[in-house]
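First the structure, in the form of structure tokens, and then the observations on it.
Residue numbers (the working numbering), protein chains in the order written: chain A, 5 to 343; chain B, 219 to 424.
Below you can see the structure in the form of structure tokens.
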């Protein structure tokens with residue numbers, strides 16, 4: 005009988021419509037887990053948990069989820085420092101929906117040890133190039149992640165880059181508000197940050213910035229001559245004026261973001277009305293304001309739990325305060341329902 | 219919503235309470251098992267019915283000769299009853315001849331003299347299958363002479379008198395004056411010869 009119950013592998017499983025999923029975001033500071041249900045189009049948060057971080061590059065160890073967080077399928081997202089995310093343009097012949105992997109690797113400028121995938125954003129008319137949202141991640145990291153789910157529930161249903169997965173959560177939370185606007189989404193984490201420009205809810209530019217809370221702590225520790233723990237404490241309570249240190253870290257990266265903003269505005273003939281920030285870095289006081297000042301744009305806060313029904317006692321007050329850290333996990337689950 | 223899924227289809231696997239193969243095997247095996255179980259039940263029922271049939275057949279084999287004997291005896295009884303009915307009918311259909319003759323004798327006046335009287339009974343059928351077949355049909359005739367001034371009237375009066383008698387009226391449905399004529403010659407003045415015929419309708423009489 006055990007042999008009969010053995011799990012199967014097959015090519016046609018991706019078309020399955022899920023009603024319940026666990027969204028898992030393997031981030032630098034922790035593993036964020038949300039269990040969600042889709043009841044006739046209504047999203048329900050049934051459980052949420054924060055597990056210890058998984059170190060990438062190590063041995064694949066089976067992930068033990070709490071019993072109340074387990075479902076048959078999981079939508080995975082992870083923060084990949086080596087990942088490449090880009091909006092690429094290329095001619096797409098005939099009725100094709102995808103580019104060959106070799107062409108994608110060429111466009112993303114990655115080698116064969118990267119796994120690549122892309123999604124058609126806009127098909128070009130005539131001789132115009134088509135636009136693709138593309139991502140590349142190291143193969144060994146994918147193998148490690150899949151190795152955490154060798155058999156039994158949950159079975160991986162999808163794998164995304166966290167810096168893109170959070171967009172689904174934003175569209176669910178604020179899609180209606182931004183449907184006629186051009187906005188910038190800024191997801192800032194521990195080690196990397198991502199930005200996504202949306203015009204009328206269509207992705208027009210994505211990018212990754214190699215900075216996060218870790219870099220700010222390091223800079224602060226250097227400037228103040230304190231250890232990393234104390235620097236983290238100063239960052240969170242702002243007992244000392246650290247504006248100059250923060251500005252020196254933020255400025256070069258936000259300058260790149262400003263350039264991207266100007267580029268989008270010129271290319272799309274629009275004006276970026278608002279910058280929506282999310283991610284663990286935004287939990288630090290006044291970071292959002294400083295980002296707004298540097299970008300000369302209004303900054304908006306949002307929560308991935310908006311437009312989601314939360315089951316009784318599924319969300320503790322402590323978790324609710326850290327809602328923004330779960331954007332990618334929620335986004336991965338929502339994406340899984342909508343696939 | 220654009221979504222870059224880095225998972226390959228070959229890396230996706232089915233996960234549920236049981237595997238798809240198991241579900242498929244269950245879907246195939248369950249009807250077969252169900253059919254087998256139902257067939258088994260039917261076979262058992264058939265065996266039980268067969269056993270019951272054998273028992274019934276042995277009981278029947280024992281009872282059948284007795285039943286045949288009973289039927290035979292019953293048939294004899296029916297025949298006997300029919301014969302008795304025939305006898306009863308025959309007995310009932312016999313006319314009371316003596317009483318009839320007494321009635322004739324009482325009805326004849328002094329001026330009428332009977333020269334001939336015939337009384338005859340015959341069965342309507344030669345085969346007596348039913349009591350009705352034993353009904354006897356009677357024929358009655360009487361010849362005579364009437365001698366008086368009112369000889370013809372006396373004959374007619376005799377007919378009426380006879381028809382008024384109980385036995386005569388019960389045995390015959392009609393009493394016709396078949397002939398009435400004066401006797402010729404001087405010697406026969408005031409003398410008339412007559413014939414009365416009594417008949418029973420078809421199926422009539424007792």
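Even for Gly, the Cβ is constructed at its ideal location relative to N, Cα and C.
Task: Touching by the beta-carbon criterion (3+ pairs, under 8 Å), the stretch 310-325 of chain A and the stretch 230-239 of chain B - done: no
Open item on the list: Buried or exposed, going by whether 16 or more other CB atoms sit within 10 Å of the CB of residue 127 (chain A)?
Closed with: exposed
Task: Continuous beta strand (DSSP E) stretch holding residue 118 (chain A): start and end - done: 118-126
Task: Residues near residue 145 (chain A) in its chain [Cβ-Cβ closer than 8 Å; skip 5 each side] - done: 60, 61, 82, 84 and 86
Open item on the list: Please list, in chain order, the chain B residues whose beta carbon lies closer than 7 Å to that of residue 342 (chain A).
Closed with: 219
Open item on the list: Which same chain residues end up closer than 6 Å to residue 164 (chain A) when comparing Cβ atoms and leaving out the 5 residues on each side of it in sequence?
Closed with: 81 and 336
- [ ] Output yes or no for whether 9 Å exceeds the beta carbon distance between residue 380 (chain B) and residue 417 (chain B).
- [x] no
Open item on the list: Please tell me whether residue 120 (chain A) and residue 109 (chain A) are closer than 9 Å, where the distance is taken between their beta carbons.
Closed with: yes
Task: As assigned by DSSP and simplified to three states, the class of residue 180 (chain A) - done: coil
TODO: Using a Cβ cut-off of 7 Å, pull out every chain A residue sitting near residue 224 (chain B), in sequence order please.
DONE: 119, 121, 139, 141, 146, 163 and 164
TODO: Could you tell me whether any Cβ in chain B is nearer than 9 Å to the Cβ of residue 18 (chain A)?
DONE: Only weak support exists for where residue 18 (chain A) lies, its pLDDT of 45 falling under 50; the coordinates are left without a value.
Open item on the list: Can you tell me whether residue 325 (chain A) is buried or exposed? The criterion is at least 16 other CB atoms within 10 Å of its CB, across all chains shown.
Closed with: exposed
TODO: Could you confirm whether any beta carbon from chain B is found closer than 9 Å to the beta carbon of residue 64 (chain A)?
DONE: no
Open item on the list: Counting only C-beta atoms, is residue 280 (chain A) closer than 9 Å to chain B at any point?
Closed with: no
Task: residue 35 (chain A), DSSP secondary structure in three states - done: strand
Open item on the list: Please tell me whether residue 234 (chain B) has its Cβ less than 9 Å away from any Cβ of chain A.
Closed with: yes
- [ ] Please check if any C-beta of chain B sits within less than 9 Å of the C-beta of residue 321 (chain A).
- [x] no
- [ ] Determine the chain B residues that contact residue 339 (chain A) at a beta-carbon separation under 9 Å, and present them in chain order.
- [x] 219, 221 and 223
Task: Beta-carbon contacts of residue 18 (chain A) that lie in its chain and below 7 Å, excluding the five residues immediately before and after - done: In this prediction, residue 18 (chain A) has a pLDDT of 45, which is less than 50 and means its spatial position is unreliable; what the coordinates show is noted afterwards. Closer than 7 Å at the Cβ level, and outside the excluded window around residue 18 (chain A), lies no residue.
Open item on the list: Quick test of your reading: residue 239 (chain A) and residue 288 (chain A), contact by CB under 8 Å. State the CB separation rounded to the nearest angstrom.
Closed with: 6 Å
Task: Near-chain A residues of the stretch 228-257 of chain B (beta-carbon distance less than 7 Å), N- to C-terminal order - done: 228, 229, 230, 231, 232, 233, 234, 236, 237, 238, 239, 240 and 243
Task: Identity of the residue in B:303, B:336 and B:305 nearest residue 319 (chain B) by Cα - done: B:336
- [ ] Grab me the residues of residue 123 (chain A)'s own chain with a C-beta within less than 7 Å of its C-beta, minus the 5 sequence neighbours each way, in chain order.
- [x] 136 and 137
Task: Neighbour flag for residue 171 (chain A) against chain B, beta carbons, 9 Å - done: yes
Open item on the list: At the 9 Å Cβ level, is residue 96 (chain A) part of the contact set with chain B, yes or no?
Closed with: no
TODO: Kindly indicate which three-state DSSP category residue 24 (chain A) falls into: helix, strand or coil?
DONE: strand
Open item on the list: Using the three-state DSSP reduction, which class does residue 340 (chain A) fall into: helix, strand or coil?
Closed with: helix
TODO: Put residue 174 (chain A) into one of helix, strand or coil per three-state DSSP.
DONE: helix
TODO: Find out if the Cβ-Cβ distance for the pair residue 318 (chain A), residue 194 (chain A) is shorter than 9 Å.
DONE: no
Task: Coil, strand or helix - residue 219 (chain B) by DSSP - done: coil
TODO: For residue 168 (chain A), go through chain B and note every residue whose CB falls closer than 8 Å to its CB, in chain order.
DONE: 221 and 222
TODO: Thinking residue 186 (chain A) and residue 290 (chain A) are a contact (beta carbons under 8 Å), I'd like their distance in whole angstroms, please.
DONE: The pair is not a contact, with the Cβ atoms about 25 Å apart (cut-off 8 Å).
Open item on the list: Which same chain residues end up closer than 7 Å to residue 160 (chain A) when comparing Cβ atoms and leaving out the 5 residues on each side of it in sequence?
Closed with: 78, 80, 150 and 153
Open item on the list: Taking contact to mean 3 or more Cβ pairs, one atom from each stretch, closer than 8 Å, check whether the stretch 221-231 of chain A and the stretch 249-259 of chain A are in contact.
Closed with: yes
Task: Alpha-carbon to alpha-carbon, residue 206 (chain A) and residue 33 (chain A) - done: 30 Å
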